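Asks: I am attaching a structure below and will ask some questions about it afterwards.
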Amino acid sequence: AYAEPKSESEVLEFLSDQPGEAEIIAGGTDLVGLMKKMIITPERVVNIMEVPSIKQIESLPEGGVAIGAAVTLDEVLASPALAQYPAVQQAISSLGSIQLQSQGTIGGDLCQRPRCWYFRSGRGLLGEAGSLIANGDNRHHAIFGNEGPAKFVSSSRLAPALIAHQAQVRIVGPSPEEVRLVDLADFFRAPRHEAERETILERSQFVSHIFLPANSGWTSGIYEVKQSAGPDFPLVAAAAALKLQGGAVAAARIILGQVAPTPWVSMAAEHAMEGLPVNATAAEVAGSAAIQGAAPLKDNEYKVQLAKVSVQRAILRAAGLPTGGFE
Numbered sequence: 075a076y077a078e079p080k081s082e083s084e085v086l087e088f089l090s091d092q093p094g095e096a097e098i099i100a101g102g103t104d105l106v107g108l109m110k111k112m113i114i115t116p117e118r119v120v121n122i123m124e125v126p127s128i129k130q131i132e133s134l135p136e137g138g139v140a141i142g143a144a145v146t147l148d149e150v151l152a153s154p155a156l157a158q159y160p161a162v163q164q165a166i167s168s169l170g171s172i173q174l175q176s177q178g179t180i181g182g183d184l185c186q187r188p189r190c191w192y193f194r195s196g197r198g199l200l201g202e203a204g205s206l207i208a209n210g211d212n213r214h215h216a217i218f219g220n221e222g223p224a225k226f227v228s229s230s231r232l233a234p235a236l237i238a239h240q241a242q243v244r245i246v247g248p249s250p251e252e253v254r255l256v257d258l259a260d261f262f263r264a265p266r267h268e269a270e271r272e273t274i275l276e277r278s279q280f281v282s283h284i285f286l287p288a289n290s291g292w293t294s295g296i297y298e299v300k301q302s303a304g305p306d307f308p309l310v311a312a313a314a315a316l317k318l319q320g321g322a323v324a325a326a327r328i329i330l331g332q333v334a335p336t337p338w339v340s341m342a343a344e345h346a347m348e349g350l351p352v353n354a355t356a357a358e359v360a361g362s363a364a365i366q367g368a369a370p371l372k373d374n375e376y377k378v379q380l381a382k383v384s385v386q387r388a389i390l391r392a393a394g395l396p397t398g399g400f401e
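Residue numbering for the sequence shown follows this note's numbering, starting at 75 and increasing by one per position.
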């Protein structure tokens, strides 16, 4: 079945708290492929692209921005309101696919399913409680937060940049009156069993908006290590946001992507930078701190070095300094 609601309350009418009954579709860049492979087989798809309230970008009175979940990535990139969040624009520009930018949505990017090849070949989200992944080919899997059964990496390309700018998501449901704001950093989770997904979103809920607070003096940047210049997902990524005072780092936010089941906030790297002048030495200090506690699997130790370099270069890019890598 196919549903095309025209309001947020109508969306909820077509959702269900029962597994397999309903899935939301926006740009379709992820769900359609999963349905073709019979990985996800919902009885009903709910198209949210006809809901006007979630297809707009709005500048807020206090200086922030509200982005509807159904806004396309092209629209986010082109919006003057997003110019104060450079890491977000850089993350979209790095996708390497005109099709993904024009068709994909910001909410879809945050909610896309893992690219883990065990999951996408029908072996389940956790691959037999993680045993398939631990014993099999795990080149692209997690090096942080992988002590439990979840060993995939978070697929969102925008989440690290959005978290660096302290984004929140607005979750609606199960009833229209039930609305809450959640820090994006708390939106993701490492599932403990197959009944759980990669976010706290319940089946009878949906993300309607992403809120970014006013950017009061923060500069930001991202860096991705990719195998090619095409639309392939990065091996490792990092986002950095810096608040500078007198040429030194007054505060920092460092978030890694593609290294853990959730976007990985590195508090060690953030604290390591505080008070240091912004230069290559400080970036190297933060990069070394960021990989503390890494626990690579048998095939992905290479990711540790890539994570260190990604953090270094994201910091340099945020500071407007040469990264020494490909831009």
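No residue lacks a Cβ here, since even glycine has one placed at the ideal position from N, Cα and C. Computed from a predicted model, the values in this text were never measured in an experiment.
1) Nearest to G353 by CA position, among Q279, V323, T336, is which residue?
2) Applying the criterion that 16 or more other CB atoms from any shown protein chain within 10 Å of the CB defines a buried residue, is N212 buried or exposed?
3) For a minimum of 4 consecutive residues, which ranges assigned as the alpha helix (DSSP H) are wholly contained in the stretch 344 to 380?
4) What span of residues does the alpha helix (DSSP H) with Q242 cover, start to end?
5) Measuring alpha carbon to alpha carbon, tell me which residue in P265, Q175, I141, R231 is nearest G201.
6) Under the assumption that P305 contacts L105 (Cβ atoms under 8 Å), give the Cβ distance between them as a whole number of angstroms.
7) Could you check whether the stretch 359 to 371 touches the stretch 253 to 271, counting it as contact only if at least three pairs of C-beta atoms, one from each stretch, sit closer than 8 Å?
8) With burial defined as no fewer than 16 other Cβ atoms inside 10 Å of the residue's Cβ, what is the status of K111: buried or exposed?
9) Since I believe A314 is in contact with I328 (beta carbons under 8 Å), could you give me their beta-carbon distance rounded to a whole number of angstroms?
10) Of all the options S83, F285, G247, which has the alpha carbon lying nearest to the alpha carbon of E136?
11) Give the secondary structure of K300 by DSSP, where H, G and I count as helix, E and B as strand, and everything else as coil.
12) Report the rounded CA-to-CA distance for L395 versus S278, giving the unit in angstroms.
13) By a C-beta neighbour count over all protein chains shown, 10 Å radius and 16 as the cutoff for buried, is L134 buried or exposed?
14) In chain order, what residues of the same chain lie with their CB nearer than 6 Å to the CB of R198, ignoring the 5 residues before and after it?
15) In terms of alpha-carbon separation, which member of A75, S294, H215, L86 lies closest to E251?
16) Tell me whether Q164 is buried or exposed, calling it buried when 16 or more other Cβ atoms sit within 10 Å of its Cβ.
17) Based on the DSSP secondary-structure assignment, which residues constitute the bridge partners of M338?
18) Hey, L147 and G178: beta-carbon distance below 7 Å or not?
19) Pairing CB atoms from the stretch 339 to 352 with CB atoms from the stretch 369 to 379, are three or more of them under 8 Å?
20) So, are the CB atoms of A342 and A326 less than 7 Å apart?
21) Note down the Cα distance separating I274 from D260, rounded to an integer number of angstroms.
22) Contact between the stretch 173 to 189 and the stretch 140 to 158: three or more CB pairs below 8 Å?
Replies: The relevant details are as follows:
1) For the sequence presented, residue 353 should be read as Asn rather than Gly. Per the Cα distances, V323.
2) With 16 or more other Cβ atoms within 10 Å, it is buried.
3) You should have 354 to 364.
4) Per DSSP, Q242 belongs to no alpha helix (DSSP H); it is in the beta strand (DSSP E), 242 to 246.
5) Of all alpha-carbon atoms in P265, Q175, I141, R231, the one lying nearest the alpha-carbon of G201 is that of P265.
6) For a cut-off of 8 Å, the C-beta gap from P305 to L105 is around 17 Å, too long to register as a contact.
7) Flag = no, the stretch 359 to 371 and the stretch 253 to 271 do not touch.
8) K111 comes out exposed.
9) Going by Cβ atoms, the distance from I328 to A314 rounds to 5 Å, so yes, they are a contact pair.
10) Closest by alpha carbon: F285.
11) Looking at K300 - three-state DSSP - the assignment turns out to be coil, as it is neither helix nor strand.
12) Within the model, the alpha-carbon separation for L395 versus S278 is close to 46 Å.
13) Counting Cβ neighbours within 10 Å, L134 comes out exposed, since fewer than 16 surround it.
14) For the record, residue 198 in the displayed sequence is Gly; it is not Arg. E268.
15) Restricting attention to A75, S294, H215, L86, the CA atom closest to the CA of E251 is found in L86.
16) Buried: at least 16 other Cβ atoms inside 10 Å.
17) Note on residue identity: the sequence assigns Trp, not Met, to residue 338. W338 pairs with L330.
18) The answer is yes: Cβ separation under 7 Å.
19) Contact between the stretch 339 to 352 and the stretch 369 to 379 is absent, because fewer than three Cβ pairs lie under 8 Å.
20) For A342 and A326, no; Cβs fall outside 7 Å.
21) Cα-Cα distance, rounded: 8 Å.
22) Segments in contact, yes.
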